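Undergrad: Below is a structure I'd like to ask you about.
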Amino acid sequence: MILGRLFTQLFEHGVIVVATSNVEPSQLYKDGLNRQLFLPFIRLLTSKVEVLHLDSPTDYRLEKLAGAPIYVTPLGEAADAQMDALWAKLTHGMTPHSEELENKGRRIPVPVTAAGAARFTFGELCSQPLGGPATTCGSPMPTAPCSWITCPSCRRPGATKPNGSSR
Numbered sequence: 027m028i029l030g031r032l033f034t035q036l037f038e039h040g041v042i043v044v045a046t047s048n049v050e051p052s053q054l055y056k057d058g059l060n061r062q063l064f065l066p067f068i069r070l071l072t073s074k075v076e077v078l079h080l081d082s083p084t085d086y087r088l089e090k091l092a093g094a095p096i097y098v099t100p101l102g103e104a105a106d107a108q109m110d111a112l113w114a115k116l117t118h119g120m121t122p123h124s125e126e127l128e129n130k131g132r133r134i135p136v137p138v139t140a141a142g143a144a145r146f147t148f149g150e151l152c153s154q155p156l157g158g159p160a161t162t163c164g165s166p167m168p169t170a171p172c173s174w175i176t177c178p179s180c181r182r183p184g185a186t187k188p189n190g191s192s193r
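Using this note's numbering, the first residue of the sequence shown is number 27, and each one after it goes up by one.
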C-alpha cells in the first residue's frame, strides 16, 4: 500500500523509474502474506513500466557480496570480524569517514561511510531521539531522550512532530 502511494506520486510527477529484479512484476511478493493488498501496486507497476529482459549470465546486483550470509549470528567477536570482512569487500578497502545527511530539516549522522555504503549500529539508527530532549515535548521524564515515534507524550491526540507538523 505504501509502495502504491509512493509510485503513484512518482509517476504523476513524471519520474522515470529504472529498477532491476530477478522476477517478473506479476510474480512480485508471490505467496506473500496478504498478497492481495500488494496486487494494486503490481497492477499500477505493470500499467506504467516497460519490462526489459536482460539475458546475462551475471547478476551484478549480487556480485559484491556473492556467497555472503544473509544473517551474521551469533553476536560476538566472530560476527564482528565477519562484518568487518564484508565491509572491506563492499568498500574495496577504502578508508571510511563520517558524514552528516540532511533529510526534512533533520541532520542525520552517518558514523561510517565509504564507496557509497554506510554502516550503522542498531542503536545509531533506531535509538536516537528525533526531537531533542524529552523536555521539549512535555514528557514527565526530563532526562530521557524523546522519540516522536515512541514517546507517549508526543503521540497523544493533537501532538505535533518535532518539526511542527501534526501527526
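Using N, Cα and C, we set each Cβ at its ideal position, and we do this for glycine too.
A quick note: this is a predicted structure, and the numbers were derived from the prediction, not measured.
Can you tell me which of Arg132, Gln53, His123 and Glu76 puts its alpha carbon nearest to the alpha carbon of Phe146?
TA: With distances taken between Cα atoms, Phe146 lies closest to His123.
Undergrad: Are the stretch 31 to 47 and the stretch 68 to 87 in contact at 8 Å, needing three or more beta carbon pairs?
TA: Yes, the stretch 31 to 47 is in contact with the stretch 68 to 87.
Undergrad: Could you tell me which whole beta strand (DSSP E) segments of length 3 or greater appear in the stretch 62 to 146?
TA: Taking only runs of at least 3 residues, the beta strand (DSSP E) segments lying wholly in the stretch 62 to 146 are 123 to 129, 132 to 140 and 143 to 145.
Undergrad: Please list the terminal residues of the continuous alpha helix (DSSP H) segment that includes Gln35.
TA: Start and end: Ile28 to Glu38.
Undergrad: Can you give me the start and stop residues for the alpha helix (DSSP H) that Glu50 sits inside?
TA: No alpha helix (DSSP H) contains Glu50, which DSSP labels as neither H nor E.
Undergrad: Measure the C-alpha to C-alpha separation of Pro137 and Leu116 and round it to an integer number of angstroms.
TA: One C-alpha to the other measures close to 17 Å.
Undergrad: Where do the N-terminal and C-terminal ends of the alpha helix (DSSP H) with Gly58 fall, by residue?
TA: Counting along the chain, Gly58 falls outside any alpha helix (DSSP H), and DSSP gives it neither H nor E.
Undergrad: Using 8 Å as the threshold, is the C-beta distance between Leu70 and Thr34 below it?
TA: Contact flag set, yes.
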